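Okay, so here's the structure we're looking at.
Residue numbers (mature numbering (1 follows the signal peptide of the UniProt record, and there is no 0)): -19 to -1, 1 to 323.
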């Protein structure tokens, strides 16, 4: 496994040295330690978005981002047997992913991918989808929403709503749908449901958030306390330009953009939030959990020692990732059962 991961790093990140300048916790699985050592060279953290990019430069950046993760996507497809079909739901492109020998149980998962709103696509985030479909036995719809700055939060959240509404039009009840997202996709999933609720729409049975970017401003203790421990990115170099592409600065604390600022005294679906202790977004997860839980909502904060950002897909074969997905499936199935009894 270590050799495979090292090869993936070299091919996807064009790194020469795999020297690790971050503390590798001995309290995580051996597989996790090997992954951390192989996959997090210090150069990765220095990734930056150039200032004042044109729309074409953004497209070039996005195309390169997809190309960079192709080895990891190929590895994911080879590791799990699923059927992947391109489709369009309510004018929004999606990937329809089903496990081999899929049996329709009347339930569906909707996935909103990460990438800081400016990177990746449904096709380049398969490590977050194919393990979920294969292990849960469920159909997964991955939303290929328009990336910022080509669209901003109002249009992008509307695209997710369109997909959910299209699934209802095709015969699913909203109680038969759960939504999950990672990183920016986690913020998008939660922000979209707040928007739907404010419109008086029915909501999915459950929401699962992996390392959600639930406050796109640099607000929260761990943006500062874990700034150097975080192995993947810096706020000023990568996240701030992405936030500005997704929403005007004056609207970055709008609940549909940064759902930690949402009104959770009103109904919201049962929410599972998973996060690793190694990542910058710990405060995002804790603050969103407290916002929901302290206002009487059903929320669970599921934290993982020594894990990094979106470990469930970024390193989908380590024991901690498998455990997190297993707990996700239990949470979602319980929510489906509860919804069907009401």
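All residues carry an ideal CB built from backbone N, CA and C; glycine is no exception.
All of these numbers come straight from a predicted model, not from anything done at the bench.
Exercise. Report the partner residues of residue 285 according to the DSSP bridge assignment.
Key: 257
Exercise. With DSSP as the reference, label residue 209 as helix, strand or coil.
Key: coil
Self-check item: Cut-off 8 angstroms between Cβ atoms - residues of its own chain near residue 135, not counting five sequence neighbours on either side
Solution: 237
Exercise. Check the Cβ-Cβ distances between residue 93 and every residue of chain D, and say whether any is below 8 angstroms.
Key: Of the protein chains in the structure, only one exists, and it is not chain D.
Quiz prompt | Segment limits, beta strand (DSSP E) that includes residue 77 | solution = 73 to 80
Quiz item: Taking the DSSP output, what are the residues bridged to residue 70?
Solution: 73
Exercise. Following the continuous alpha helix (DSSP H) through residue 174, name the residue where it begins and the one where it ends.
Key: 165 to 179
Quiz item: Whose C-beta lies closer than 8 angstroms to the C-beta of residue 178 among residues of the same chain, with five residues either side of it excluded?
Solution: 184, 247, 248 and 249
Exercise. Please go through the same chain and pick out, in chain order, the residues whose beta-carbon is closer than 8 angstroms to the beta-carbon of residue 268, but skip the five residues on each side of it.
Key: 195, 196, 201 and 241
Quiz prompt | residue 262 versus residue 180: straight-line alpha-carbon distance, rounded | solution = 29 angstroms
Self-check item: residue 39, DSSP secondary structure in three states
Solution: helix
Exercise. Mind checking which residues open and close the alpha helix (DSSP H) that includes residue 273?
Key: 263 to 274
Quiz prompt | Host beta strand (DSSP E) of residue 327 (start-end) | solution = A question about residue 327 goes unanswered here, because the residues of the chain that appear run from -19 up to 323.
Self-check item: Contact check, residue 325 vs residue 171, beta carbons under 8 angstroms
Solution: There is simply no residue 325 to check, as the chain begins at -19 and stops at 323 in what is shown.
Quiz item: Hey, out of 150, 100, 156 and 153, whose CA is closest to residue 130's CA?
Solution: 100
Self-check item: Reduced DSSP secondary structure (H/G/I, E/B, other) of residue 242
Solution: helix
Self-check item: Boundaries of the beta strand (DSSP E) in which residue 187 is found, first to last residue
Solution: 187 to 191
Quiz item: Who are the Cβ neighbours of residue 320 in its own chain at under 6 angstroms, not counting the five residues just before and after it?
Solution: 156 and 186
Quiz item: Alpha carbon to alpha carbon, what distance is there between residue 215 and residue 203?
Solution: 12 angstroms
Quiz prompt | For residue 161, the residue or residues it bridges with in DSSP | solution = 92 and 189
Self-check item: Other residues of its chain near residue 74: CB distance less than 6 angstroms, five sequence neighbours each side excluded
Solution: 125
Quiz item: What residue range is occupied by the uninterrupted beta strand (DSSP E) comprising residue 120?
Solution: 120 to 124
Practice problem: Specify whether the segment 145 to 154 and the segment 110 to 117 touch according to this definition: at least 3 beta carbon pairs, one from each stretch, less than 8 angstroms apart. | Solution: no
Exercise. Taking all protein chains shown into account, decide if residue 27 is buried (16 or more other Cβ within 10 angstroms of its Cβ) or exposed.
Key: exposed
Exercise. From the DSSP output, read off the bridge partner residues of residue 64.
Key: 79
Quiz prompt | Contact set for residue 5: own chain, Cβ-Cβ below 7 angstroms, skip 5 residues either direction | solution = 14, 17 and 18
Practice problem: Report yes if the C-beta distance between residue 9 and residue 211 is below 8 angstroms; otherwise report no. | Solution: no
Quiz item: According to the Cβ coordinates, are residue 257 and residue 290 closer than 8 angstroms?
Solution: yes
Quiz prompt | Cβ separation of residue 228 and residue 133, assumed to be a contact under 8 angstroms, to the nearest whole Å | solution = 6 angstroms
Self-check item: Anticipated Cβ contact below 8 angstroms, residue 89 with residue 158, distance rounded
Solution: 6 angstroms
Self-check item: residue 313 versus residue 239: straight-line alpha-carbon distance, rounded
Solution: 23 angstroms
Quiz prompt | Which of helix, strand or coil DSSP assigns to residue 114 | solution = helix
Quiz prompt | Bridge-paired residues (DSSP) for residue 127 | solution = Residue 127 pairs with nothing; no bridge assigned.
Practice problem: Identify whether residue 327 lies in helix, strand or coil by the three-state DSSP scheme. | Solution: Since the first residue of the chain shown is -19 and the last is 323, residue 327 is not available in this structure.
Quiz item: Mapping DSSP to helix, strand and coil, what is residue 8?
Solution: coil
Quiz item: DSSP on residue 203, reduced to helix/strand/coil?
Solution: helix
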